[in-house]
Amino acid sequence: MSRGRKSSGEDSSRMRFERVRSARGRRLSSTRWLQRQLNDPYVQAAKRDGYRSRAAYKLMQIDKRFEILKPGCLVVDLGAAPGGWAQVAVDRVKSTDMSKSVVAIDILEMEPLAGAEILVGDIEDEVAVVKLRAAIGAAVDVVLSDMAVATTGHAATDHLRTMALAEAAFLFACEVLTPGGSFATKVFQGADEPVLFDAMTLKFDSVRRFKPKASRSDSVEMFLVGTGFKVPK
Numbered sequence: 415m416s417r418g419r420k421s422s423g424e425d426s427s428r429m430r431f432e433r434v435r436s437a438r439g440r441r442l443s444s445t446r447w448l449q450r451q452l453n454d455p456y457v458q459a460a461k462r463d464g465y466r467s468r469a470a471y472k473l474m475q476i477d478k479r480f481e482i483l484k485p486g487c488l489v490v491d492l493g494a495a496p497g498g499w500a501q502v503a504v505d506r507v508k509s510t511d512m513s514k515s516v517v518a519i520d521i522l523e524m525e526p527l528a529g530a531e532i533l534v535g536d537i538e539d540e541v542a543v544v545k546l547r548a549a550i551g552a553a554v555d556v557v558l559s560d561m562a563v564a565t566t567g568h569a570a571t572d573h574l575r576t577m578a579l580a581e582a583a584f585l586f587a588c589e590v591l592t593p594g595g596s597f598a599t600k601v602f603q604g605a606d607e608p609v610l611f612d613a614m615t616l617k618f619d620s621v622r623r624f625k626p627k628a629s630r631s632d633s634v635e636m637f638l639v640g641t642g643f644k645v646p647k
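Positions 415 to 647 (the working numbering) are the ones given, in order, by the sequence shown.
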């Protein structure tokens, strides 16, 4: 019998966190990251529900708020790897292998996903954009972008580089969206975010800032969601 004090009902009901011991030579920051991953409810939910990443829940929450993914929609997912957003899109728009209505692209290779056309390419590369437009073959109902750079730890640099990706996604969306279409993109809070927000207000009937509950509270990420795309007259 243990000599430690007995656990009360209150103690047993408390959330128990897994602790990760620091291995020899492992940096403390890596240990903290791993411990956060193990204790993240959305990481656990993704494993339980069969999603490729916790980011899937961000798109679910965006769609719950704005209702942009509807059966029959043609969707383009930019920066799609590893495929969490594409999984949600396939399910929401009822895409199938017989009639694929989700096209996903990333600079990294992705595992095949039923109901989605997977492409490898950089949205900032004109050759990749041409290939993507050929795969789409029609006006698009929804353009999604969860693109972000690998962070450097330098906030200003990370902001500028991520905003450049968001702007590239916006320009692409303006080229392919059908009238009334929708666009959702990740941004990092900072000086350039309002510039993109203002540009979007010229192209969409409604533009909103939204931070899903699945976004970590200490993250500078949020999403700009434009609905009601206005085709230039």
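We put the beta carbon where it would ideally sit given N, CA and C, even for glycine.
Remember, it's a predicted structure, so these values are computed and weren't measured experimentally.
- Residue state for P593 is assigned as strand, using DSSP reduced to three classes.
- If you draw a straight line from the Cα of E481 to the Cα of K508, it comes to about 15 Å.
- The Cβ atoms of F597 and A587 sit closer than 8 Å to each other.
- Approximately 7 Å separates the beta-carbon atoms of L610 and V601; this is inside 8 Å, confirming the contact.
- Within the same chain, Cβ atoms closer than 7 Å to the Cβ of R506 are found at D477, L483, the five residues on either side in sequence being excluded.
- Here V554 is actually not in contact with V504; their C-beta atoms are around 15 Å apart, not less than 8 Å.
- Contact between P626 and K472 holds, with the beta-carbon distance rounding to 4 Å and staying under 8 Å.
- In the DSSP assignment, V621 falls outside any alpha helix (DSSP H) and within the unbroken beta strand (DSSP E) covering 618-624.
- Here R468 is buried, its C-beta having at least 16 other C-beta atoms within 10 Å.
- Secondary structure at V517: strand, using DSSP grouped into helix, strand and coil.
- Counting the other CB atoms within 10 Å of its CB gives L616 a total below 16, which places it among the exposed residues.
- Looking at the DSSP output, E635 shares a beta bridge with F602.
- Your pair G595 and F643 checks out as a contact, with CB atoms roughly 4 Å apart and the cut at 8 Å.
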